[in-house]
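What follows is a short report on a single structure.
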Amino acid sequence: MAEAADHLKMPECMRLLAPEVVGSLRRLEWLSRLRKQGTLTGRHTSPDKGVSVEFAEHREYTVGDDLRNLDWRVMAKSDRNVVKQYIEETNLRATMVLDVSGSMTFKGEQSELSKFEYGQYLAAALSYLFIKQGDASGLVTFDDTLRTSMRAESKPSQVRQICEQLHETEPGKETGVGKVLHEVAERIPRRGLVVLISDLFDDPAEIVAALHHFDYRQHELVVFHVLAEEELSFPFKSFQRFRDLEGVEEMLKIDPQAVRAAYLQKLKDFIATIESVCGNLRADYVPVSTKTPVSEALVRYLGRRKR
Amino acid sequence: MLFRNPWLLAGLAGVLIPVILHMIRRQAAKPYDWGAMRFLFDTVAARRRRMEWEDFLLMIARCLLIAMIALAVARPFVPPDSQIPWLFVLPLGLLGIAALGGSFVLSAVKLKWLMRAAAFLMIVGAGFIVWQEKNLNLKRFQTSERRDVAIVIDGSTSMLLREGGRTAFERAVEEARNFVKEAPKGTAFSIVLGGPAPELKTGTPLTHRADVLEVLDKLEPVGGPFRAHDALGMATLSLAEGRGSSKDLVVFTDLQRIGWQFDSTTSWGNLGDAWEGLPNGAKPRLLLRSFPPPEKLRNVSVTGIELSREVVGTDREVAIRVTVENTGTEVVTPGLMRITVGAQELEPKGLGQMTPGESTILDYRYQFTEIGPQVIKVDLEGNDDLSGDDVAERAVWVKKTLPVLIVEGNAGASFFQRAGGYLGLALAPVSGEEETFIDPRVIDAAALTREEIEKDAVIILADVARLPASAATRIADFVINGGGLWIIAGPKVEPLFYEGWRGGDGLVMPLKLGEMAFPAKGVQAAPGSFDHPILRLFKDEAGQDLGQAVIDGYRTSSVLVEGALAAARYSDGEIFLATRNYGNGRVVVTTTALDARMGSLPARPSFVPLVHEMTNWLAGGQTVNLNIRASWSPTLALPGGGGLSAAYRSLKKKGGEIKRIDPTIDFQWEGKGPEKGFHQDEFEVTWTGALMPQISGDYVFEVTADDQFELSFDGEKVFESKGTGGSSKKVALVAGRSVAFSARFEEEAGDAYVTLRWVRPDGVKEVIPASVFTPVSQNDGSVVLGESSAKDPMGRERGVSALLGRRGKLLEVAGSAIPGEYLVGIPASVRGLMSGFKEVPLVVEREGEESRMEPWNDDDRALIDREIDLIELRSIKDVLAALRGEGFGQEIWKILAIAALVLLLLEGILARWVSKSRKAGEEVKVDFEKRDVIPESFLKSVAKTKGSKGGAS
């Protein structure tokens, strides 16, 4: 009933929020790990020092500080003039960064969704999650340039706006992940949550540099590495002509069986690189195959975050 | 390199099949939109070269496989005088095809097109060369090229086989005519008619077709065997004279095996050498147009005529035995057999049905009435397919008398103790006016030296102790010239003399005589041991009593001389009769005396027939055999043998000249001249010839001569004498080696005598026997003694020459020896040897084997193939095609087929290996999603809230 009602009432873009996804997310929440700014009613702690609940650290007294924050115990013990600083609970500012380059349009036979569509669904679900729990959610799309950018807002209509944006976005051509991500990192205000949804098909060195940039900007980074099943298993048997979705490389006419082993090895190495970089940066690396339903993938991940 | 089925070369287009398949496979793959290109690209770039190589090799293997099969199917061959090595053209073409196929696999565009350009050049190049070769081949078809073709047509009897109304010979000539008409321009023909002796019917090879056709029209079969080997030799000689650059032999024959000399590899080797030695280096081919005999052959043939006695007189009947054989494959019922002797026809006889392989013998009895040479002719109505062998002839020389000389060695004894007496009686039982055939006369041994023996047929030495040296020499010469000698070794003989009795053919005696033996109870002749034609009547015990005669004494004997036969033995094993051939004549020895002294043999009724048989056989050597085998030209050996060529020249103005053969130099002319009409004074005689001694060693020559004499060997003077005589120094001579002999005698006046003797190394002094002389020395050719003409079986005239050759006197009929009856005129100079007859029939025997159509077998073909390219053809069209070079040469499709097979294997192995190595990547897996365990409680809580719709995911 509600589905029918939804269908009548809601605009087309809302298809991106499938009922079962919504159903799964109803009970889930996104727990932030990093200190956050802000004093509002979000669930996340903020590193901003201010009048808040949790004590963070001490600081030397300077003229002008609020005398109410002086920590008398320390002064008594150490004869130093220190001021308490508190972690402020504030809003989580999440920005979905969605790769809409040509390579994302790959669909394959084993999945109903292309990587792009998968990313759309994923971004929509996540934005719903954030908004539902009172955090802000924004969206950035990119291919070889920044395509669209929506500031993270926490108002309820943000979900719908994000969905509209997602719905209207057409996948582009080439990827230029590395370069663009630097720009994205700069654009997003400090210390936000960045959820990167991409296949990361670009020069690994550039990607690594971009990810470091995010870390430098003190973002919490979650990388949803979306790949298609075919890309992971390379199941081709007979002679194929591979056409570049990004329109950059020439068509390759090859016997797939001859290159399978080497391709998979390369892919393996690539994934390992990304994974290790993310590990170094303490970013969450979430490998997702488009074969796995969006809801399942999210449930699994969120479940993991809880621990 | 050319192709037998050039249109099948279109199959080469099949080479494109793998290429097309490859293209389809590539094209069929629809473009697959792919995102992870970067990984592929790097990978592919690394492996691309290797993959391309693998694909390249596979592709060229497949293309070459198909190309080789297509080429093999088009039946490539290398024409015999191919200018361009096929080992170059073939790989070139194949390389081009491989390059073309392979180019479709490569991805580098420049390389691709470079390869295609190279492939194009190579294929076009190879094709061009092959096309050129075909043109060059064709050019031989055109005026500028001269070819020589020698046509050999088998004219043997077997070619007279009728099939479908025509003989094989007629068909062969017809085909030869067609061949000549349609042969390429610039061909020069020579025609050889094959037979017992080949005849070259053209001069140098003719190019004018009309002339050649005329020759062919005049050809007639000759009959007899086809001496193919000789015909080929003649054909090869004629080819050598031609100016053409390519030479071929075309032989029309029925492939009958005899005459081809397949058992003699050396003679074929010689022919092979001749073929290789042809000028212009053109090795000829042997194109064989065979007319094989039909499967069903109806043929009977007269295979032989035999007489029961060798020496035939007019005194009694002779049995004539004719053998007829069915040599075909079907049953034949011949008609009547007619037989004529001279002009007289005998009663014809009929034959019954004959199955294949069956032979029938017909006996006739006839008593000759005419003296001299006659021909027995048999003509059978064969009712068969081959009539050439239904006729046979045999020539017989009927003698008037058989003069026999009996030399009595026991002259003083009584009649019963003289072997000569008994023998005389036995040989001519009835004395009186009636003339008997055998004409014996008995003389004492002492009178032998003065007796003329040259006219006798047989000499019997009846228990003669020894002979004077001159008599021994004369008798030895007599036997060599064909006479018969019967030595009766009784008690009086001196074994030592007989042991040392030598002549021109070695030891005269077949046996070495020993002591007399006198067995107590006597011995008998053992019929079981009889092994000689003389004794054929006595082998059967019934009807004769030779085996019952008791012999009381005999000479033991031992050690037969080489070539001698023990014809009969006594019951105790000792030899009774021994025989040997000596020169042209025969010698018999009986070891018992054949008179009353030695037993009862002369008293037995069998004695007379025995003596007659003995004499008959002994006389056989002297008969002129008028039946000769077919060979180059019919040649009759004349009686009389050794001696020197003598040239008598009168030094007077009016005197004459005589040329003759003198057996020895032993003349006592006294006051008379050498011959009637020749002046007795002032003449010179020159004897020339060759001397070949029997014993090696030093010889001393002695002459008693009035007036002058000189002797030279090999051009060097050995000695001379003036006046009465003289002797020479020792001259060393080698047994078996002949030296040129030349002697000159000059008579001025008065008595004339000259006798040349020698002292042999063994001490014997004798007149140099005729047997060591030959009238011509090695260096001279034959001396022509006279000429006349003859008529051959086909009625044509032939020239006849009487020659004096190294082997004695010959009468030669010019031309080839066609079988049948010839009538030969005898030149005046040798009429004396032929008993004065002016004309003598001569029979060239038909070879019985010719009737047996024994075909070639594979070994025969292999033998010829070793020496020359042998190509058997079944029609004249094929012969012409072969001539034009269409399709005959070394076939190489087998090589291509084997290579294709190898490639097939290789391709299979390669494809398997490639697919295996490419499949190796299947095991690699990428672990991607984290599948760590999520707590049940969490999942449960999630499940609860997944909305009222859908439930758990």
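Protein chains in written order, with the numbering used here: chain G, 10 to 316; chain V, 7 to 959. Using N, Cα and C, we set each Cβ at its ideal position, and we do this for glycine too. None of these values were measured; they are calculated from a predicted model.
Whole-angstrom Cβ separation of residue i and residue j, contact assumed at under 8 Å?
i, j, result
"VAL308 of chain V", "ASP390 of chain V", "Not really, about 11 Å apart at Cβ, beyond 8 Å."
"GLY528 of chain V", "ILE557 of chain V", "6 Å"
"VAL381 of chain V", "VAL849 of chain V", "6 Å"
"PHE374 of chain V", "VAL404 of chain V", "5 Å"
"LEU292 of chain V", "LEU255 of chain V", "5 Å"
"ARG233 of chain V", "PRO211 of chain V", "Actually they are not in contact, since the Cβ atoms of ARG233 of chain V and PRO211 of chain V sit about 22 Å apart, beyond 8 Å."
"LYS188 of chain G", "GLY256 of chain G", "Not a contact, Cβ separation roughly 18 Å."
"GLY510 of chain V", "GLY589 of chain V", "6 Å"
"LEU166 of chain V", "PRO227 of chain V", "6 Å"
"VAL317 of chain V", "GLY591 of chain V", "Contact doesn't hold; Cβ gap of about 13 Å is too wide."
"ASP108 of chain G", "VAL186 of chain G", "7 Å"
"ILE66 of chain V", "GLY107 of chain V", "6 Å"
"PHE233 of chain G", "LEU311 of chain G", "That pair is no contact at about 12 Å."
"ARG654 of chain V", "PHE684 of chain V", "It is Tyr, not Arg, that sits at residue 654 of chain V in the sequence shown. About 6 Å; that satisfies the 8 Å criterion."
Quick check on this structure: which residue in the options has the alpha carbon closest to the alpha carbon of residue i?
i, options, result
"LEU764 of chain V", "V:GLN674, V:PRO775, V:ALA755", "Note that residue 764 of chain V is Trp in the sequence shown, not Leu. Nearest C-alpha to TRP764 of chain V: V:PRO775."
"ARG160 of chain G", "G:VAL189, G:ALA103, G:GLU177, G:TYR127", "G:ALA103"
"LEU18 of chain V", "V:LEU71, V:LEU8, V:MET65", "V:LEU71"
"ILE206 of chain G", "G:ALA85, G:THR282, G:ARG269, G:ALA134", "G:ALA134"
"GLY394 of chain V", "V:ALA280, V:VAL485, V:THR163", "V:THR163"
"SER314 of chain V", "V:ARG371, V:THR271, V:THR366, V:PHE258", "V:ARG371"
"LEU912 of chain V", "V:LEU810, V:PRO12, V:LEU63, V:ARG54", "V:LEU63"
"SER535 of chain V", "V:ALA434, V:GLY426, V:LEU583, V:ALA451", "V:LEU583"
"PRO213 of chain G", "G:ALA194, G:SER110, G:LYS275, G:ALA267", "G:LYS275"
"THR299 of chain G", "G:ARG291, G:ALA271, G:GLU126, G:ARG313", "G:GLU126"
"MET23 of chain G", "G:HIS176, G:ASP152, G:GLU69", "G:HIS176"
"ASP537 of chain V", "V:ALA555, V:PRO501, V:THR585", "V:THR585"
"ARG10 of chain V", "V:GLU336, V:SER923, V:LYS925, V:ILE898", "V:ILE898"
Opposite residue i in the DSSP bridges: which residues?
i, result
"TRP403 of chain V", "V:PRO379"
"TRP693 of chain V", "V:ALA652, V:ALA749"
"PRO847 of chain V", "V:LEU829"
"ASN587 of chain V", "V:ARG592"
"PHE258 of chain V", "V:ILE159, V:ARG295"
"GLU819 of chain V", "In the sequence on display, residue 819 of chain V carries Val and not Glu. Per DSSP, V:VAL806."
"GLN174 of chain G", "According to DSSP, GLN174 of chain G bridges with nothing at all."
"SER727 of chain V", "V:PHE715"
Q.
Using a Cβ-Cβ cutoff of 7 Å, what residues of the region 137–161 of chain G are near chain V? List them in chain order.
A. Against chain V - using a Cβ distance shorter than 7 Å - the region 137–161 of chain G contributes no residues.
Q. Using 8 Å as the Cβ pair cut-off and three pairs as the minimum, do the region 663–678 of chain V and the region 625–637 of chain V touch?
A. In this structure the region 663–678 of chain V does not lie against the region 625–637 of chain V, because fewer than three pairs of beta carbons, one per stretch, are closer than 8 Å.
Q.
Closer than 9 Å between beta carbons: that is the criterion. Which residues of the region 39–67 of chain V meet it against chain G?
A. Residues ASP39, TRP40, GLY41, ALA42, MET43, ARG44, PHE45, LEU46, PHE47, ASP48, THR49, VAL50, ALA52, ARG53, ARG54, ARG56, MET57, GLU60, ASP61.
Q: Determine contact between the region 230–244 of chain G and the region 205–219 of chain G, defined as no fewer than three beta-carbon pairs at a distance below 8 Å.
A: A contact exists between the region 230–244 of chain G and the region 205–219 of chain G.
Q: Please list the residues of the region 273–293 of chain G that have a C-beta atom closer than 8 Å to any C-beta atom in chain V, keeping them in chain order.
A: Those residues of the region 273–293 of chain G that come within reach of chain V (Cβ to Cβ, closer than 8 Å) are LEU273, GLN274, LYS275, LEU276, LYS277, PHE279, ILE280.
Q. Are there three or more Cβ pairs, one per stretch, closer than 8 Å when the region 214–222 of chain G is compared with the region 21–34 of chain V?
A. A contact between stretches requires three or more CB pairs, one per stretch, nearer than 8 Å, and the region 214–222 of chain G fails this requirement with the region 21–34 of chain V.
Q) Does the region 96–113 of chain V come close enough to the region 150–163 of chain V that 3 or more CB-CB pairs lie under 8 Å? A) Verdict: no, contact absent.
(Q) What are the residues in the region 200–214 of chain G lying within 9 Å of chain V by C-beta distance? (A) In summary, the residues of the region 200–214 of chain G whose CB is separated from some CB of chain V by less than 9 Å are ASP208, PHE210, ASP211, ASP212, in the order they occur in the chain.
**Q.** Segment contact flag, the region 255–264 of chain V with the region 838–858 of chain V, C-beta cutoff 8 Å, min 3 pairs
**A.** Verdict: yes, contact present.
**Q.** Residues of the region 248–267 of chain G whose Cβ lies closer than 8 Å to any Cβ of chain V, in chain order
**A.** Those residues of the region 248–267 of chain G placed with their C-beta closer than 8 Å to a C-beta in chain V are PHE248, GLN249, ARG250, PHE251, ARG252, ASP253, LEU254, GLU255, VAL257, GLU258, MET260, LEU261, LYS262, ILE263, ASP264, GLN266, ALA267, ordered along the chain.
Q: Anything in the region 11–30 of chain V with a Cβ closer than 7 Å to a Cβ of chain G? List those residues in chain order, please.
A: Against chain G - using a Cβ distance shorter than 7 Å - the region 11–30 of chain V contributes no residues.
Q: Compile a chain-ordered list of the residues in the region 106–117 of chain V whose CB is closer than 9 Å to at least one CB of chain G.
A: Here the close residues are SER113.
Q) At a cut of 8 Å, does the region 537–552 of chain V reach the region 482–497 of chain V through at least three beta carbon pairs? A) Not touching, per the Cβ criterion.
(Q) Please list, in chain order, the residues of the region 104–136 of chain G that have any C-beta partner in chain V closer than 8 Å. (A) Of all residues in the region 104–136 of chain G, GLY111, SER112, MET113, THR114, PHE115, LYS124 have a Cβ within less than 8 Å of some Cβ in chain V.
(Q) So, does the region 742–757 of chain V touch the region 706–713 of chain V, judging by three or more C-beta pairs under 8 Å? (A) They touch, by the three-pair rule.
Q. Would the region 495–509 of chain V and the region 598–609 of chain V be scored as touching if the rule is three or more Cβ pairs under 8 Å?
A. Touching, per the Cβ criterion.
(Q) Taking contact to mean 3 or more Cβ pairs, one atom from each stretch, closer than 8 Å, check whether the region 860–874 of chain V and the region 406–414 of chain V are in contact. (A) Under the 8 Å Cβ criterion, the region 860–874 of chain V does not count as touching the region 406–414 of chain V, having fewer than three qualifying pairs.
Q. Given 8 Å as the limit, is there contact between the region 865–877 of chain V and the region 263–278 of chain V, that is, 3 or more CB pairs closer than that?
A. Yes, since at least three Cβ pairs between the region 865–877 of chain V and the region 263–278 of chain V fall closer than 8 Å, the two stretches touch.
(Q) Please list, in chain order, the residues of the region 286–310 of chain V that have any C-beta partner in chain G closer than 7 Å. (A) Hits within the stretch: zero.
**Q.** Three-pair Cβ contact test at 8 Å for the region 790–810 of chain V versus the region 740–749 of chain V
**A.** The region 790–810 of chain V, when compared against the region 740–749 of chain V, does not touch it at the 8 Å Cβ threshold.
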